Amino acid sequence: MASLKMKTENRIGVGSNEVKKLRADSFIPGVIYKRGEETKHVQVKESEFLKVFREAGTTTIIDLELEGKTHPVIVKDVQEHPVKNKYLHVDFQELNMDEKLKVLIPINLINRDSIKLQPSVLTQLLNEVEVECLPGNIPNTADVDVADMDFTTPIFVKDLDIASDEDITILADLEEVVCTLTEPSLEEDLDDEGLEDVDVEVPLVSEEEEEE
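The sequence shown begins at 4 in the numbering used here and counts up one residue at a time.
Below, the structure is given as structure tokens:
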């Protein structure tokens, strides 16, 4: 699986004032941690992080360049501002390419807008699944095609495409339901049809009744 590249710099100041200055200069503070090694404090240009993170998410390996060395990492955690659409801090986990790790993989329902059985309501009950594998085998998503679903047979974890990959161990219950397909309820039918076709009689109120 191809990895992406991102440049970082060592971060000298770690106090709150220094962090504020970094953010004002459009940098995001972060750390690189690896088991058995000292945590590295880094900073990354906000524009570069956003560009790479949009594609990498939390499952794609990033080649993090720091002082002339390349560190294979994944984004383990990001802290977001509660109001502004900005990232405040990022945690990178450095990987040992020969050591398995556990990671959450987002579930992708293919053809969810092209389900053959209509009208119907698709309900996704599970959004991600935990797996264990070598870094080079981390999938971007766990996919399953829902175009041919019916009302009686839900999609299970065992139906995901990664379930047949010998290099990936799924840590979730294989019998856990991922999504279901049901017939729309009467209320949903009315919502779809709208209220413009429903005749409602409005009683007339006479002037004498209004005075009473």
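The C-beta atom is built at its ideal place from N, Cα and C for all residues, glycine as well. Source: prediction; values computed, not measured.
Give the secondary structure of residue i by DSSP, where H, G and I count as helix, E and B as strand, and everything else as coil.
| i | result |
| --- | --- |
| L128 | coil |
| F159 | strand |
| D94 | strand |
| M4 | Residue placement at M4 cannot be trusted, given a pLDDT of 47 that sits under 50; what the coordinates show is reported in the next sentence. Coil at M4, not helix or strand. |
| S164 | It is Asp, not Ser, that sits at residue 164 in the sequence shown. Correct three-state label for D164: helix. |
| P109 | strand |
| L198 | In this predicted model, L198 has a pLDDT of only 48, less than 50, meaning its place in the structure is not dependable enough to derive any value. |
| L67 | strand |
| L104 | strand |
| N2 | What is shown of the chain runs 4 to 215, which leaves residue 2 out entirely. |
Quick check on the burial criterion: 16 or more other C-beta atoms within 10 angstroms. Buried or exposed for residue i?
| i | result |
| --- | --- |
| M4 | Low per-residue confidence applies at M4: pLDDT is 47, beneath 50, and the placement is therefore not dependable, though the value from the model is reported in the following sentence. Exposed. |
| A59 | buried |
| L189 | exposed |
| L98 | buried |
| V17 | exposed |
| P122 | exposed |
| K43 | buried |
In the DSSP assignment, find the unbroken alpha helix (DSSP H) run with residue i in it and report its ends.
| i | result |
| --- | --- |
| V55 | 49-59 |
From which residue to which residue does the beta strand (DSSP E) around residue i run?
| i | result |
| --- | --- |
| A27 | Element bounds for A27: not the beta strand (DSSP E) but the alpha helix (DSSP H), 19-27. |
| T183 | 180-185 |
| H74 | 72-83 |
| A145 | 145-148 |
| G33 | 30-36 |
Would you please state the rounded distance, in angstroms, between the beta carbons of residue i and residue j? I believe it to be under 8 Å.
| i | j | result |
| --- | --- | --- |
| S29 | E49 | 5 Å |
| I113 | L129 | Contact doesn't hold; Cβ gap of about 15 Å is too wide. |
Within the 8 Å Cβ cut-off, does residue i reach chain B?
| i | result |
| --- | --- |
| I77 | No chain B appears in the structure shown, which is made up of a single protein chain. |
So, does the region 175-186 touch the region 154-167, judging by three or more C-beta pairs under 8 Å?
yes
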